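Enquirer: In my numbering, the protein residues as written are -13 to 75.
(1) For the pair the stretch -10 to 1 and the stretch 16 to 36, tell me if three or more CB-CB distances fall below 8 Å.
(2) Tell me residue 53's beta-bridge partners as DSSP assigns them.
(3) I'd like to check one pair, residue 53 with residue 18: are the Cβ atoms closer than 7 Å?
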């Protein structure tokens, strides 16, 4: 069986990720994992602030295949918890 080097593996992972993303979008569902760029747009914030939120544990994100991804649901949960705190004051 031929061996796949890291570069080929990353290229394959990118192709699979793109196909999954297209399929999810066609189905009308929102993806669970966002790239940092997508998360900045989704959260309507800056890259710097988003990285701070991830670093401080307010939202969940991690590095995958050399790129950071962020859990969309954790952004929603954090925003909702902030609204509750402000509303409860």
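Ideal placement from N, C-alpha and C gives every residue a C-beta, glycine not left out.
Every value quoted in this text rests on a predicted model; they were computed, and no experiment measured them.
Expert: Reading off the structure:
(1) Cβ pair count under 8 Å is below three, so no.
(2) Looking up residue 53 in the chain shown gives position 67. Secondary-structure assignment with DSSP links residue 53 through a beta bridge to 50.
(3) Working through the chain shown from its first residue, we reach residue 18 at position 32. Working through the chain shown from its first residue, we reach residue 53 at position 67. Result no, Cβ atoms of residue 18 and residue 53 do not sit closer than 7 Å.
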